[in-house]
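Colleague: Before we start, here is the structure in question, set down as structure tokens.
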Amino acid sequence: MSLLSKFVESLHLSFERAHFREVTKPVSFEGNAYRKNIILMLNRGHLCIGNDSQVVPENSFVFFSSHSQISLRQGIGKATELEEEEFMGEKQKPGFIRRVSCMEDRSEFPELCTLVTFDLLLYDTIPFFEMLGIPQIILPPDEEFAYLVKHIAIEYELNKLGRTKIIRNYMEEIIIHMCRYIDSQSQFQPFMEKLEFLNDRRLVDIVKYIQDNLEKDLSNRIIATIAYVSEDYIGQFFKTMTGKNLQDYIENKRLERAMFLLRTQPDNIQEIAHRVGFKDPAYFSRRFKMKFGANANAVRFQKTQPT
């Protein structure tokens, strides 16, 4: 059994978006990767990646892990450089990139690709591919992989009943495909060795305890007893294993749970603050606004509005 297989069941997926896009004029993008993982399928056309302009064959896939370095060019001829929001499709680049509907005849476009973005966390805390440090990968043509990517984009656009569940099922298959490919290629073994560092049950116990007990005292003293290490060492232990400050991680999880409760539960803001472990509702409101850019009252108000 490979080392990677021990961690597959502990991966937590969070899909963001997917769409087809036509490049009408040559474009390029260079810089730090988006905050999400990216799968880019070249359905048709000309795509080069990396400083050495490696050519990506049609029907192949390029994977960029979150916060990695991206360098690419699509189309033939002098390219116009994109901003990050334009590359990701959050902002249109008129005359250069156009969203393509799944209802259109996509065989008509000479430069066409499909973009999928997502989060993948180990133990619901560690950015998995970013932690491994895997560079951009070209995955060869694969009919099953192509089917999954295409239908994720279709489901995302059509937004029919059960969309979330179908996309999650497709995305989980994609992650298995990618992990199998990485595990089968010898050039990625040095990256896989980093998993040895995370092969520690104490981290799993800490993360699970935090998730199950957000409303309780989660001081360093309490968490240290879960991991069977000293109170003085627990912060360093967690930071070494995850790259995150322990108390920052706990607060972030509490705020994320609060956002979910505000959108789904009838309790008032003060009750929700207490349910996720904040003793001071005013402090909760300040931290909530800092994280999400909106106050809790606004989120509650949006929930009560008709859709």
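Our numbering numbers the first residue of the sequence shown as 13 and each following residue consecutively. Cβ coordinates follow ideal geometry from the N, Cα and C atoms, glycine included.
1) Near E211, which residues of its chain fall below 8 Å by C-beta distance, leaving aside the five closest residues on each side in sequence?
2) Spell out a yes or no on whether the region 99-117 and the region 31-42 are touching, meaning 3 or more CB-CB pairs, one atom from each, closer than 8 Å.
3) Could you compute how far the alpha carbon of E42 sits from the alpha carbon of E96?
4) Can you tell me the Cα-Cα spacing of G87 and P147, whole angstroms?
5) With respect to the alpha helix (DSSP H) encompassing A91, which residues constitute its N-terminal and C-terminal limits?
6) Using the rule of at least 16 other Cβ atoms within 10 Å of the residue's Cβ for burial, across every protein chain shown, is Q317 buried or exposed?
7) Below 8 Å, how does it come out for the region 248-261 and the region 198-215: are there three or more Cβ pairs, yes or no?
8) Check whether the region 48-59 and the region 120-133 touch, using three or more Cβ-Cβ pairs below 8 Å as the test.
9) Can you tell me where the alpha helix (DSSP H) with V219 in it begins and where it stops?
10) For the beta strand (DSSP E) that contains F200, what are its first and last residues?
11) Would you kindly work out how many angstroms separate the C-alpha atoms of L23 and T36, rounded to a whole number?
12) Relative to the C-alpha of F203, which residue among V39, P153, F141, E184 is closest?
13) Report buried or exposed for L274, applying the criterion of at least 16 other Cβ atoms within 10 angstroms of its Cβ.
Modeller: The relevant details are as follows:
1) One detail in the question is off: residue 211 reads as Asn in this sequence, not Glu. Same-chain partners within the cutoff: L15, K18.
2) With a cut-off of 8 Å, the region 31-42 and the region 99-117 count as touching, because enough Cβ pairs lie within range.
3) Approximately 9 Å between the Cα atoms of the pair.
4) For G87 and P147, the distance between alpha carbons rounds to 23 Å.
5) Segment: none, A91 is in no alpha helix (DSSP H) and carries neither H nor E.
6) Only weak support exists for where Q317 lies, its pLDDT of 43 falling under 50; the coordinates are left without a value.
7) Yes: at least three Cβ pairs fall under 8 Å.
8) Contact between the region 48-59 and the region 120-133 is present, because at least three Cβ pairs lie under 8 Å.
9) Element bounds for V219: 213-224.
10) The continuous stretches of beta strand (DSSP E) do not include F200, and DSSP gives it neither H nor E.
11) Answer to the nearest angstrom: the Cα atoms are 37 Å apart.
12) That would be F141, whose Cα lies nearest to the Cα of F203.
13) Under this definition L274 is a buried residue.
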